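**Q**
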Amino acid sequence: MSFPDLLDLHPKLGEGIRGKLTANQPLSAVTWFRTGGPAQLLFQPADEADLSAFLNKLPKDIPVLPVGLGSNLLIRDGGLEGVVIRLSARGFGAIEEIGNNRLRAGAAVPDKRLAEAAAKAGLGGFAFYTGIPGGLGGALRMNAGAHGTETCERMVELIAIDRDGNRHVLKNEDMGYAYRHSDASKDLIFTSAVFEGLPQDEETIRREMADVVAHRERAQPIREKTGGSTFKNPPGTSAWKEVDAAGCRGLTIGGAQMSEMHCNFMINTGEATGHDLELLGETVRARVLKHSGIRLEWEIKRLGQFGAEGAIEPFLGEEKGAA
Ligand SMILES: Cc1cc2nc3c(=O)[nH]c(=O)nc-3n(C[C@H](O)[C@H](O)[C@H](O)COP(=O)(O)OP(=O)(O)OC[C@H]3O[C@@H](n4cnc5c(N)ncnc54)[C@H](O)[C@@H]3O)c2cc1C
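Residue numbering for the sequence shown is 21 to 343, as defined by my numbering.
(1) Can you check the region 250–337 for any alpha helix (DSSP H) of at least 4 residues that lies completely inside it and give the ranges in chain order?
(2) Where does the unbroken beta strand (DSSP E) through I82 begin, and where does it stop?
(3) Just to check, is the beta-carbon of N288 closer than 8 Å to a non-hydrogen atom of ligand 1?
(4) Do you know how far the Cα of Q325 is from the Cα of S249?
(5) Assign A139 to one of two classes, buried (16 or more other C-beta atoms within 10 Å of its C-beta) or exposed (fewer than that).
(6) What did DSSP end up calling L208 once you bin it into helix, strand or coil?
(7) Tell me Q64's beta-bridge partners as DSSP assigns them.
(8) In whole angstroms, what separates the C-alpha of E216 from that of K132?
(9) Quick check: R315 and G267, are their CB atoms within less than 9 Å of each other?
(10) Who are the near neighbours of N192 in its chain, counting only those whose CB is closer than 7 Å to its CB and skipping five residues on each side?
(11) State the DSSP-derived secondary structure class of I179, mapped to helix, strand or coil.
(12) Can we count D131 as close to ligand 1, meaning its CB is less than 8 Å from some heavy atom?
(13) Specify the secondary structure class of A342 as computed by DSSP and reduced to three states.
(14) To which residues does DSSP link P46 through a beta bridge?
(15) What's the C-alpha gap between A342 and G313?
(16) Taking 8 Å as the cut-off, is the beta-carbon of P86 closer than that to any non-hydrogen atom of ligand 1?
(17) Just checking, does the region 88–99 make contact with the region 54–66 on the three C-beta pairs under 8 Å criterion?
(18) Indicate the three-state DSSP secondary structure (helix, strand or coil) for I152 in the structure shown.
(19) Return yes when the C-beta of A109 is under 8 Å from any heavy atom of ligand 1, and no when it is not.
(20) Between P241 and the rest of its own chain, which residues show a CB-CB distance below 7 Å, the 5 nearest in sequence each way excluded?
(21) Looking at the strands, I want to know which residues DSSP matches up with H188.
(22) What are the start and end residues of the alpha helix (DSSP H) that includes R122?
(23) Taking its Cβ as the centre, do 16 or more other Cβ atoms sit within 10 Å of N120, making it buried, or is it exposed?
So this is what it looks like as structure tokens:
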């Protein structure tokens, strides 16, 4: 499966651009699941000015999607039409201490690196990031959180570039944060953010970080090809409990499996396609709905076009018949 080359269709698109443009780049290379079709065009901007210049001249009818480290993405087998933007570590990977218990960090910084920098700076409140394998762009979009702390508790303000290439400063209160969600316009690409911690001694912080790592090793299949928690926790219960109660622990479709170790984690056991993974997820949703009446919501973002195996209906189309 491949798309028409956007650089052939719009020959001026690459003029003056310093970053990297790749047509039909397989996205399986940039997602934790290691599945998914190509991006019609992948753009890795050199820096913020390069990103703005590119967006400014990109025809407005071409869709744009930012991706981070791909740890929360299920890309469908038919790939993504339009431009996928991935911020490079070189242009967006800096961290600096700016005083008042604050750090400024680029959106391509892995969460773990921010936790490390905060520990060195004697700033508490970032240890939870040690266990989240994404980058800060994804954390800011998803309001990533763990062990009782969420991104929205640390983030002060961020820089974002809109679809026309304009630069904006968004304050915490502009982000419309909720559980694993932000209301900020889907058009925005976050490029850096300011985070604030609380003064704490480095030894205590490092103990907390070690506890986070130990918990992950014990409780989650972190060495597998996975997307983390598949479903959001429904009000008053945990997604894994509902998946387990509906008999879906270990459920396997093709190369996709609900992990035996943590049954809200979906894993690619080797040769899973995007279709296998999404079909498994919808099968679990249908079974949980039938078993407990709960409509699980995906936490993993599913993006792109269905492939040759065709579309998969939410709840396998069974929700109308369920209680
Ligand atoms: C083993 C494992 C454990 C996990 N544990 C946790 C956990 O404890 N808590 C938790 O919250 N999550 C967890 N996750 C999920 C995931 O790591 C987080 O959601 C993470 O914040 C996603 O970051 P990413 O860089 O991988 O983003 P991606 O998966 O690449 O993208 C996620 C979303 O963010 C958007 N996005 C990415 N970059 C930008 C940007 N620069 N500007 C605007 N939007 C952007 C994308 O468009 C997409 O909508 C886990 C995942 C795995 C694989």
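No residue lacks a Cβ here, since even glycine has one placed at the ideal position from N, Cα and C. Since we're looking at a predicted model, the values are computed, not measured.
**A** Let's see:
(1) 259–265, 294–312
(2) No beta strand (DSSP E) holds I82; DSSP gives it neither H nor E.
(3) no
(4) Cα to Cα, the separation comes out at about 22 Å.
(5) buried
(6) coil
(7) K40
(8) 16 Å
(9) No, the Cβ-Cβ distance between R315 and G267 is not below 9 Å.
(10) C172, M175, V176, E177
(11) strand
(12) yes
(13) For A342, the predicted model reports a pLDDT of 49, less than 50, meaning its position is unreliable and no value from the coordinates is stated.
(14) P58
(15) At A342, the pLDDT of 49 sits below 50, so the modelled position is not reliable; the number obtained from the coordinates is stated separately. Rounded to the nearest angstrom, the two C-alpha atoms are 7 Å apart.
(16) yes
(17) yes
(18) coil
(19) no
(20) S279, M281, H282, F285, I287
(21) A180
(22) It is not in any alpha helix (DSSP H) - R122 instead sits in the beta strand (DSSP E) that spans 122–126.
(23) exposed
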